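See structure below.
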DNA sequence: TATAATTGATAAATAAAATTTATAAGTGAG
DNA sequence: CTCACTTATAAATTTTATTTATCAATTATA
């Protein structure tokens, strides 16, 4: 049996039409008919209901069951191809969320350079959520990630690089004393990251939990702009210490009785990804270089 | 490319010998050589290192990476075949751990009979651990399961049928008063299930937690024997209420300040298993029939 | 309602791919 | 050095996949 038969079957299930499927692959229509027949022989069961000659083709239960497995098989083969392609090119595609990267990269830069890894790493800069999706789809080999929840996914492994905390931050120009109450905090004007970021989601969970409604006057996806606005005392903000710890002109605002989740900085990769020496070395460099 | 090439490659990786691999599949030796060449073409990368002509064949990094994906592909195809086979035979292979089955089956027997499901269910009686392994390997469609921890596995889904508790049990002939202290309990002689059972594992965790060493005088895998021995006051035991609640002549022994985990009775099945009407109906029968 | 257009199935022919046979050439043990 | 064993290759053969041509069933539409 040919591996193509699975591809044909998957497309046929989608298009529900033999001729269109044939056209899609640039083959003749009987090819699809015979291919399906091969599959039905191979699995010993009818996969498609031919009620009427034209129109409205339907998968049998067995066909639907097979489709689920076929989807996985095709996905796995696709992952194999993209993994091998990058292995061949000696490229490691690494996902880099901006805030975390700015924080970590100075610590590991020399090490990466010494090992000649700088050319071998193909960088993809995006948000943590997007990077995680790219990683699962096989378009990344490994990714840095900032998250409050450790991945629970049998397909993924991770290494905790650092555990940070979320902070409320304000300009150094301000004076809040040792700490303030939540009610005082709510009198302030907030400048926040936009809705997609982890920071914002944690902020939302925290406002929900304490049932408060802060005054958000500005949102941005550019966290440097955010920090500069806070420095200039245009408002206060909420962000992981990852972003703010290296900055001058910013202070942490301590709020009484405020509980926030930890912010994990991880390296994430697929379980199935082969740990070549280069791959392992990169993981080592990040985890060693970022120890306290 | 032929699906067989993956099989050949998997076996070649295992046997590390072209001729033996050929013999294993009953084909000629060049078949394996050409098959490998096809794979190397398909994926555009060398998979096997031919250091010397005879002996000691080694996979390249790319070969190792491919092998991981190939293992999944072959497993998935195997799952497809066994799923479809049972769909065709209209058989649902269901795993039944004895204790749970004895407890539940009377409640659902009539319903199963009315729907003519009794013949369609192929029963596999074994311990919860073994059944879970069989389920993952595709040799079962669905299984009843007794466990203290809910499965965390993306490949599996489950439905909680009932939540039971673990009890210390003794013969009705004995009189313990309202409740007793742990120290008094330890003076007793224990008759327990053998090491493989959930009950025994929970018992072990509980003795570890409270750092005590009970006097176990007899072990058995036959829980009816165990209950009969307890009835006859040959010793006391530890088991989920599932086993003992229907029995006469047995009492629960309440121990002060003793915390035990819940005992979940689940129906577990693979995420990829198609939920045919029969399949869904069986799940419904079990969950409806076992409501309090 | 007749007719044209479209659909999927089938047979036979053809093309493509997998496999075998036969053989060569490299390697290691004795 | 020779023998036994390995993998690679070329050519022949077998098997499998695909195409072409065509038919019968079904829809669309005029």
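Chains as they are written, first to last, in our numbering: chain X, 2 to 293; chain E, 2 to 293. Virtual Cβ for every residue (Gly too), placed ideally from N, Cα, C. Note that the structure is a prediction, hence the values are computed from the model and not measured.
With a cut-off of 8 Å on Cβ pairs, the segment 137–149 of chain X is not in contact with the segment 214–232 of chain X, counting fewer than three such pairs. Remark: C-beta atoms of residue 267 of chain X and residue 203 of chain X do not approach each other more closely than 8 Å. Within the segment 56–72 of chain X, the residues whose Cβ lies closer than 7 Å to any Cβ of chain E are, in chain order, 62, 63, 65, 66, 67, 69 and 70.
For the C-beta of residue 95 of chain X, not a single chain E residue is nearer than 9 Å; the gap to the nearest is close to 17 Å. Under the three-pair Cβ rule at 8 Å, the segment 157–164 of chain E does not count as touching the segment 192–208 of chain E. Interface with chain X (8 Å Cβ-Cβ cutoff): residue 244 of chain E is excluded. Within the same chain, 75 come within 7 Å of residue 8 of chain E by CB-CB distance, once the 5 residues on both sides are set aside. For residue 275 of chain X, at least one C-beta of chain E is nearer than 8 Å to its own C-beta.
At a cut-off of 8 Å between beta-carbon atoms, residue 250 of chain E makes no contact with chain X. A Cβ-Cβ contact shorter than 8 Å links residue 170 of chain E with residue 245 of chain E. Between the segment 6–22 of chain E and the segment 96–111 of chain E there are fewer than three C-beta pairs closer than 8 Å, too few to call the two in contact.
Residues of chain X whose Cβ lies closer than 9 Å to the Cβ of residue 155 of chain E are, in chain order, 153, 154, 155 and 156. In this structure, the alpha-carbon of residue 269 of chain X lies about 9 Å from that of residue 152 of chain X.
When DSSP states are grouped into helix, strand and coil, residue 147 of chain X belongs to the strand group. The Cβ of residue 42 of chain E sits no closer than 8 Å to any Cβ of chain X. Excluding its 5 nearest sequence neighbours in each direction, residue 168 of chain X has C-beta neighbours in its own chain below 6 Å: 242 and 253, listed in chain order. Residue ranges of uninterrupted alpha helix (DSSP H) with 4 or more members, entirely inside the segment 2–66 of chain X and ordered along the chain, are 5–16, 19–26 and 30–44. When only Cα atoms are considered, residue 188 of chain X and residue 223 of chain X end up about 24 Å apart.
Nearest CB-CB separation between residue 111 of chain X and chain E: not below the 8 Å threshold.
Neighbours of residue 2 of chain X in chain E, taken as residues at a C-beta separation under 9 Å, are given in chain order as 3, 4 and 5. Residue environment: residue 124 of chain E is assigned as exposed (fewer than 16 neighbouring CB atoms within 10 Å of its CB, all protein chains considered). Scanning the segment 101–140 of chain E from its first residue to its last, the whole beta strand (DSSP E) runs of 3-plus residues come out as 122–126. Scanning its chain for C-beta atoms nearer than 6 Å, with the 5 sequence neighbours on each side dropped, one finds around residue 36 of chain X the residues 6 and 9, in chain order. Beta bridge pairing from DSSP links residue 172 of chain E with E:251. Neighbours of residue 77 of chain E in chain X, taken as residues whose beta carbon is under 9 Å from its own, are 70, 71, 73, 74 and 77 in chain order.
One alpha carbon belongs to residue 185 of chain E, the other to residue 178 of chain E, and they sit about 12 Å apart. Taking 8 Å as the cut-off, the Cβ atoms of residue 136 of chain X and residue 144 of chain X count as close. If you draw a straight line from the Cα of residue 206 of chain X to the Cα of residue 96 of chain X, it is about 26 Å long. The segment 114–124 of chain E makes no contact with the segment 108–115 of chain X: fewer than 3 CB pairs, one atom from each, lie closer than 8 Å.
Out of E:282, E:94, E:273 and E:107, the CA that lies nearest to the CA of residue 72 of chain X is found in E:273.
Judged by DSSP in its simplified three-state form, residue 79 of chain E adopts helix.
Here the C-alpha atom of residue 149 of chain E lies approximately 22 Å from the C-alpha atom of residue 215 of chain E. With respect to the 8 Å criterion, residue 77 of chain X and residue 77 of chain E are classified as neighbours on the basis of their beta carbons. Burial state of residue 256 of chain X is buried, judged by a 10 Å Cβ sphere holding 16 or more other Cβ atoms. If you draw a 10 Å sphere on the C-beta of residue 175 of chain X, you find fewer than 16 other C-beta atoms in it, and that means exposed.
Scanning chain X for C-beta atoms nearer than 9 Å to the C-beta of residue 46 of chain E yields 85, 86, 88 and 89, reported in chain order.
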